[in-house]
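J.:
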Amino acid sequence: MISKVVVKAPCSTANLGPGFDVFGLALDAYYDTVTLSKGGKGIRIQSFDSIPLSVDNNTAGIVIKQMAKKFKKDGIIVKIKKGVPVGFGLGSSAASAAAAALGFNSLFNLRLDSNTLVKYAGMGEKASAGSIHYDNAAASLLGGFVVVTTDPLNVLHLIPPKDLVLCIAIPMIPVPPKKTQLSRSVLPSKVKISATVRNISNAAAIVVGILKKDSVLIGNSIKDEIVEPARQHLIPGFAKVKKNALQAGALGVTISGAGPAVIAFATSKSNSKKICKAMEKGFASAKTECHTVICKPSKGATVI
Ligand code: HSE
182 MISKVVVKAP CSTANLGPGF DVFGLALDAY YDTVTLSKGG KGIRIQSFDS IPLSVDNNTA
242 GIVIKQMAKK FKKDGIIVKI KKGVPVGFGL GSSAASAAAA ALGFNSLFNL RLDSNTLVKY
302 AGMGEKASAG SIHYDNAAAS LLGGFVVVTT DPLNVLHLIP PKDLVLCIAI PMIPVPPKKT
362 QLSRSVLPSK VKISATVRNI SNAAAIVVGI LKKDSVLIGN SIKDEIVEPA RQHLIPGFAK
422 VKKNALQAGA LGVTISGAGP AVIAFATSKS NSKKICKAME KGFASAKTEC HTVICKPSKG
482 ATVI
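In my numbering, each number is its position in the sequence shown, counted from 1, plus 181.
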């Protein structure tokens with residue numbers, strides 16, 4: 182009988198432009214590690230990072246609590262080591278939630294299917310985002326590219342092309358508490374049919390690009406006329422960062438998830454370092470420092 186499991190889950194980017202709350206891509210850049218052990222009574226969270234340690238306010242804690250209730254288990258110690266920067270739009274809460282769901286499944290040998298694991302991981306997202314959405318959690322759990330459909334929840338999982346490269350710029354700005362709630366509150370309640378049509382066409386083209394392993398088609402279709410225009414004012418220098426990255430050869434640029442990180446899509450033929458430098462200059466024009474990282478898509482959460 183297993184008494185301890187260690188799970189590593191990747192960060193992710195959600196939306197990819199037109200796929201708001203539907204698309205997710207796991208990224209080989211940062212990882213959270215969650216260790217689950219059997220012992221004692223109740224659920225205890227332990228971490229040296231500055232994250233909530235109460236079960237009901239911790240993304241992994243919520244997942245474990247729901248799963249423990251459903252599968253009638255008790256006495257679980259949850260150790261969390263954050264590697265994903267918290268609050269920048271890289272699926273930090275989802276990474277811990279995904280690792281927790283996979284870890285619980287493994288610790289108690291439940292053999293749950295991936296949709297069920299995503300459902301539990303999504304519950305953890307509620308702690309930070311205020312609403313359940315599964316894009317980051319699904320990507321972090323399953324890896325690669327995901328399309329999430331709801332009612333009923335069904336995650337379609339696809340392998341992205343090998344030559345897809347992502348350049349991420351993370352601005353060093355203070356992240357407001359409940360950032361995702363804030364960035365969802367600025368979204369329009371009504372949208373133009375013309376913008377909707379263009380978003381749908383670009384979203385469809387991204388899926389075709391993934392299926393045909395065409396990174397150029399993917400990158401050229403990262404265009405969002407609905408969410409990005411409503412959110413960009415929350416990111417200092419966004420317009421310049423985007424313009425600079427496109428001029429430096431990025432195929433498409435958008436906000437990573439709810440931001441404030443900005444993500445540029447490129448291929449292994451692009452000059453990724455030049456794109457990163459261009460994004461840094463864009464942020465500098467708004468007197469904002471940023472940290473850049475070049476990465477590839479990642480596989481999903483794994484028991485290590
Ligand atoms: N799809 C979500 C959003 C991801 O953009 O609000 C944030 O976690």
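Ideal Cβ placement from N, Cα and C applies to all residues, glycine included.
(1) Using a Cβ-Cβ cut-off of 7 Å (strictly less than) and excluding sequence neighbours within five positions of Val397, which residues of its own chain qualify?
(2) Taking all protein chains shown into account, decide if Ile416 is buried (16 or more other Cβ within 10 angstroms of its Cβ) or exposed.
(3) Measuring alpha carbon to alpha carbon, tell me which of Lys450, Pro233, Asn317, Leu323 ends up nearest Gly200.
(4) Which word fits Gly324, buried or exposed, when buried means at least 16 other C-beta atoms lie within 10 angstroms of its C-beta?
(5) How about Ala482 and Val265: do their beta carbons lie closer than 7 Å?
(6) Flag Asp405 as yes when its Cβ comes closer than 6 Å to any non-hydrogen atom of the ligand HSE, and as no otherwise.
(7) Taking only three categories from DSSP, how would you classify Gly430?
(8) Under a three-way DSSP split, which group does Asn196 fall into?
(9) So, is Pro478 buried or exposed, given that buried needs 16 or more other C-beta atoms within 10 angstroms?
(10) With hydrogens ignored, establish whether the beta-carbon of Asn196 is closer than 6 Å to any heavy atom of the ligand HSE.
(11) CA-CA distance, Val484 and Ile261?
(12) Could you tell me which residues DSSP pairs with Tyr211 in its beta bridges?
(13) Out of Thr330, Val215, Leu363, Leu334, point me to the one whose CA is closest to Gln413's CA.
(14) Between Asn238 and chain B, is there a C-beta pair that is closer than 7 Å?
(15) Would you mind reading off the limits of the alpha helix (DSSP H) that contains Ile351?
(16) Does the Cβ of Thr297 lie closer than 6 Å to at least one heavy atom of the ligand HSE?
(17) I'd like to confirm something about Ile190: is its beta-carbon nearer than 6 Å to some heavy atom of the ligand HSE, or not?
(18) Can you find a heavy atom of the ligand HSE that lies under 6 Å from the Cβ of Ser365?
(19) Assign Asn383 to one of three DSSP states: helix, strand, or coil.
(20) Out of Phe252, Ser321, Gly311, point me to the one whose CA is closest to Leu291's CA.
T.: Taking the definition as stated:
(1) Here residue 397 refers to the residue found at position 216 when the sequence shown is read from its first residue. Here the set comprises Leu432, Thr448.
(2) If you number the sequence shown from 1, residue 416 lands on position 235. The residue in question, Ile416, is buried, as its Cβ has 16 or more Cβ neighbours within 10 Å.
(3) Reading the sequence shown from its first residue, position 19 is the one you call residue 200. Looking at the Cα atoms, Asn317 is the closest of the given residues.
(4) As a position in the sequence shown, residue 324 is number 143, starting the count at 1. With 16 or more other Cβ atoms within 10 Å, it is buried.
(5) For the purposes of this step, residue 482 is taken as the residue at position 301 of the sequence shown. For the purposes of this step, residue 265 is taken as the residue at position 84 of the sequence shown. Not closer than 7 Å, so no.
(6) Walking along the sequence shown from the start, residue 405 turns up at place 224. Asp405 Cβ: outside cutoff for every heavy atom of the ligand HSE.
(7) The residue you call residue 430 lines up with position 249 of the sequence shown. Correct three-state label for Gly430: coil.
(8) Sequence index remark: in the sequence shown, residue 196 carries index 15 (1-based). If DSSP states are grouped into helix, strand and coil, Asn196 belongs with coil.
(9) Looking up residue 478 in the sequence shown gives position 297. Burial call: buried.
(10) The sequence position of residue 196 within the sequence shown is 15, counting from 1. Asn196: yes, Cβ under 6 Å from the ligand HSE.
(11) Mapped onto the sequence shown, residue 484 falls at position 303. Mapped onto the sequence shown, residue 261 falls at position 80. Roughly 14 Å separates the two Cα atoms.
(12) Numbered from its first residue, the sequence shown carries residue 211 at position 30. DSSP lists no partner for Tyr211.
(13) Here residue 413 refers to the residue found at position 232 of the sequence shown. Of Thr330, Val215, Leu363, Leu334, the residue nearest in Cα terms is Leu363.
(14) You won't find chain B in this structure, because it holds only one protein chain.
(15) Here residue 351 is taken as the residue at index 170 of the sequence shown, counted from 1. Per DSSP, Ile351 belongs to no alpha helix (DSSP H); it is in the beta strand (DSSP E), 345-352.
(16) Along the sequence shown, read from residue 1 onward, the residue named residue 297 stands at position 116. Not so, every heavy atom of the ligand HSE lies at least 6 Å from the Cβ.
(17) Looking up residue 190 in the sequence shown gives position 9. First, the residue type needs correcting, since residue 190 is Ala and not Ile in the sequence shown. For the ligand HSE, not one heavy atom lies less than 6 Å from the Cβ of Ala190.
(18) As a position in the sequence shown, residue 365 is number 184, starting the count at 1. Here residue 365 turns out to be Arg, not Ser, going by the sequence shown. Within the cutoff, so yes.
(19) Position 202 of the sequence shown, counted from the start, is the residue given in the question as residue 383. Three-state result, Asn383: helix.
(20) Reading the sequence shown from its first residue, position 110 is the one you call residue 291. Taking only the C-alpha atoms, the option nearest Leu291 is Phe252.
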